[in-house]
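Trainee: The structure's right below; bear with me while I get my questions together.
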Amino acid sequence: MTLVTIFLVSLLTQTAVSSTSILDISRAQWDALNASVSGRLRTATPFALPCFSKYNNVSVAVNEAACSAIQANYTSPNFRLESFSANMNVEYETCMSTNSGCLLDTVDPRNPLATQGTSCNQGEISPYYIDIRMAADIQAAFQFARQTGVPLSIKNSGHDYMGRSRRRNSLGIWTHNLQSMTYHSQFTPALCRTSYRAITVGAGITFEQVYEFADDNDSMFIGGYAQTIGASGGVVDTAFWRLLFGLGVDRVLEIKIVTPDGQLLTANACQNTDLFWALRGGGGGTFGVVVESTHLVEQAIPLQVINMTFIPTDTNLQEFF
Ligand SMILES: Cc1cc2nc3c(=O)[nH]c(=O)nc-3n(C[C@H](O)[C@H](O)[C@H](O)COP(=O)(O)OP(=O)(O)OC[C@H]3O[C@@H](n4cnc5c(N)ncnc54)[C@H](O)[C@@H]3O)c2cc1C
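Encoded structure:
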């Protein structure tokens, strides 16, 4: 498949039958989609809704217990990671052109001024999403989009600095629960001949998870610093990583991806090579939904760490530096 074909299919998915709004989809259509993904079609409300007494300007009950947990963990990346509705930068949960959303005060999440008399609105949060567990779920999402014209959005951890894991009134594809990890002492990319020491991660695995898994296998995985960033789909498409062993994207050996035409493809240096090239830096979600990726790893290097604590003064600081 050439890049041109993929790109066109991608464009078609977004625009060809764009007349149907997600709000016009019938109950029967949602039920059919839900059945095709084994009941994992979910509705989504804003992350902080439990703290509000109005939702879309209609009175609702505050859920004190849920609100208290959200207030206590409002800025915790690990807490946010577990929610489809939460982003790492809260502004991407809102529709910024209308300033419509559902946010607490990030400095003091218990500040009542943020919630009292204020309506919690849907903002950029997709009203429906699929909790993806297998490639077939992604294929069902693409088929639904092709049939209805409802746009799709892909969210993993929600770290994207430009908010590209959100699109208002889209059907969300949530990859967080693609949670597989496999260590290979000898990994040969399909149709290739050379083998490598490697780790395969599902698209929902975070850096922290893969660092620990690599360590358990006496290996070192080269990635970014924020523990909750996804190590596969979004990062491979958009990010750069560290320089000691070269760029992270150059260490990817193979990617399994569902393209907008519904195919599950394997891309590596020996097949679908143009797609493989494009996926490593081509932008999140541009060419399809990544299911898993396999990365070259290194033998673990012993690390010496000294933890020093002292009260800094003008003189001892200078001496220390
Ligand atoms: C606090 C913070 C620290 C960071 N530190 C680093 C760092 O040290 N090094 C570095 O290189 N980068 C860093 N980044 C940037 C980060 O790597 C990128 O934002 C990356 O795109 C996040 O990917 P994600 O899947 O975790 O996030 P998401 O926001 O969920 O996704 C990012 C993009 O990829 C798309 N996407 C997600 N999953 C898939 C998939 N399975 N298939 C196709 N597309 C998908 C989304 O639609 C979106 O466009 C940092 C970002 C933050 C907010």
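Under mature numbering (1 follows the signal peptide of the UniProt record, and there is no 0), residues -19 to -1, 1 to 302 are what the sequence shown spells out, in order.
Note that the Cβ used here is the ideal one computed from N, Cα and C, for glycine as well.
Here the structure is a predicted model, which is why all the values come from computation and not from measurement.
For the alpha helix (DSSP H) containing THR254, list its first residue and its last residue.
Mentor: Translated into the one-based positions of the sequence shown, residue 254 becomes position 273. Unbroken alpha helix (DSSP H) run through THR254: 254 to 260.
Trainee: Just to check my reading of the structure: GLU273 and SER161 have Cβ atoms closer than 8 Å, yes? What is that Cβ distance to the nearest angstrom?
Mentor: Position 292 of the sequence shown, counted from the start, is the residue given in the question as residue 273. Position 180 of the sequence shown, counted from the start, is the residue given in the question as residue 161. GLU273 to SER161, Cβ: 7 Å. Contact.
Trainee: Is VAL270 near ligand 1, with its Cβ less than 6 Å from a heavy atom?
Mentor: By one-based count along the sequence shown, residue 270 stands at place 289. Flag set: Cβ of VAL270 near ligand 1.
Trainee: Any contact between the segment 102 to 115 and the segment 14 to 32? By contact I mean 3 or more CB pairs, one from each, below 8 Å.
Mentor: yes
Trainee: Less than 7 Å between the beta carbons of GLN128 and GLY243, yes or no?
Mentor: Here residue 128 is taken as the residue at index 147 of the sequence shown, counted from 1. Here residue 243 is taken as the residue at index 262 of the sequence shown, counted from 1. Contact flag unset, no.
Trainee: In this structure, how does DSSP classify THR219 when only helix, strand and coil are distinguished?
Mentor: Here residue 219 is taken as the residue at index 238 of the sequence shown, counted from 1. The predicted position of THR219 is uncertain, since its pLDDT is 49 and thus under 50; no value can be drawn from it.
Trainee: Between GLY265 and ligand 1, is there a pair consisting of the residue's CB and a ligand heavy atom that are separated by less than 6 Å?
Mentor: Within the sequence shown, residue 265 is the residue found at index 284, counting from 1. It does: the Cβ of GLY265 is within 6 Å (strictly closer) of some heavy atom of ligand 1.
Trainee: Just how far apart, CA to CA, sit ARG21 and LEU133?
Mentor: By 1-based counting over the sequence shown, the position of residue 21 is 40. By 1-based counting over the sequence shown, the position of residue 133 is 152. Cα to Cα, the separation comes out at about 16 Å.
Trainee: Between the segment 245 to 265 and the segment 168 to 175, do at least 3 Cβ pairs fall closer than 8 Å?
Mentor: yes
Trainee: Within the present structure, is the beta-carbon of ILE236 separated from the nearest heavy atom of ligand 1 by less than 6 Å?
Mentor: Start at 1 with the first residue of the sequence shown, and residue 236 comes out as number 255. Because no heavy atom of ligand 1 lies under 6 Å away, the Cβ of ILE236 does not count as near it: no.
Trainee: Put VAL18 into one of helix, strand or coil per three-state DSSP.
Mentor: Here residue 18 refers to the residue found at position 37 when the sequence shown is read from its first residue. Coil at VAL18, not helix or strand.
Trainee: By a C-beta neighbour count over all protein chains shown, 10 Å radius and 16 as the cutoff for buried, is LEU84 buried or exposed?
Mentor: For this step, residue 84 is matched to residue 103 along the sequence shown. When all chains shown are included, LEU84 counts as buried.
Trainee: Counting contacts by CB-CB distance shorter than 7 Å, is LEU228 in contact with chain D?
Mentor: The question asks about chain D, but that chain is absent: this structure has only one protein chain.
Trainee: When you compare each of TYR164, CYS76, TYR36 and SER17 to GLN190 by their alpha carbons, which one comes out closest?
Mentor: Here residue 190 corresponds to residue number 209 of the sequence shown, with the count starting at 1. That would be TYR164, whose Cα lies nearest to the Cα of GLN190.
Trainee: Tell me whether GLN280 sits in a helix, a strand or coil according to DSSP, three-state version.
Mentor: Taking the sequence shown and counting its residues from 1, the one referred to as residue 280 is at position 299. DSSP places GLN280 in strand when its eight states are reduced to three.
Trainee: Tell me which residue opens and which closes the alpha helix (DSSP H) that ILE51 is part of.
Mentor: Walking along the sequence shown from the start, residue 51 turns up at place 70. Run containing ILE51: 45 to 53, per the alpha helix (DSSP H) assignment.
Trainee: Between LEU277, VAL18, ARG149 and ASN15, which has its C-alpha nearest THR75's C-alpha?
Mentor: Against the sequence shown, residue 75 aligns to sequence position 94. Minimum Cα distance to THR75 is reached at ARG149.
Trainee: Once you ignore the five residues that flank LEU14 on each side, which residues in its own chain have a CB closer than 6 Å to its CB?
Mentor: Numbered from 1 along the sequence shown, position 33 holds the residue referred to as residue 14. Closer than 6 Å at the Cβ level, and outside the excluded window around LEU14, lie LEU22 and PHE125.
Trainee: Is ALA126 helix, strand or coil by DSSP?
Mentor: The residue you call residue 126 lines up with position 145 of the sequence shown. Helix.
Trainee: Using a Cβ-Cβ cut-off of 7 Å (strictly less than) and excluding sequence neighbours within five positions of GLN212, which residues of its own chain qualify?
Mentor: Residue mapping note: residue 212 aligns to position 231 of the sequence shown, counting from 1. One detail in the question is off: residue 212 reads as Ala in this sequence, not Gln. Correct list, in chain order: VAL182, ILE186, THR187, PHE188, VAL191 and GLY204.
Trainee: With distances taken between CB atoms, is the gap from VAL271 to ILE238 smaller than 7 Å?
Mentor: Within the sequence shown, numbered from 1, the residue matching residue 271 stands at position 290. Within the sequence shown, numbered from 1, the residue matching residue 238 stands at position 257. Going by C-beta atoms, VAL271 is nearer than 7 Å to ILE238.
Trainee: With respect to the alpha helix (DSSP H) encompassing VAL286, which residues constitute its N-terminal and C-terminal limits?
Mentor: Along the sequence shown, read from residue 1 onward, the residue named residue 286 stands at position 305. Run containing VAL286: none; DSSP gives neither H nor E here.
Trainee: Which residues bound the alpha helix (DSSP H) around ALA195?
Mentor: Stepping through the sequence shown from its first residue, residue 195 is reached at position 214. 188 to 197 is the span of the alpha helix (DSSP H), which, as asked, contains ALA195.
Trainee: Could you give the residue range of the alpha helix (DSSP H) that holds ARG61?
Mentor: The residue you call residue 61 lines up with position 80 of the sequence shown. 58 to 62 is the extent of the alpha helix (DSSP H) around ARG61.
Trainee: Along the chain, where does the alpha helix (DSSP H) containing GLU72 start, and where does it finish?
Mentor: Taking the sequence shown and counting its residues from 1, one reaches residue 72 at position 91. Looking at the DSSP string, GLU72 is not in any alpha helix (DSSP H), and its letter there is neither H nor E.
Trainee: If you reduce the DSSP assignment to three classes, tell me which class CYS32 lands in.
Mentor: Walking along the sequence shown from the start, residue 32 turns up at place 51. Look at CYS32 here: in three-state DSSP terms it is helix.
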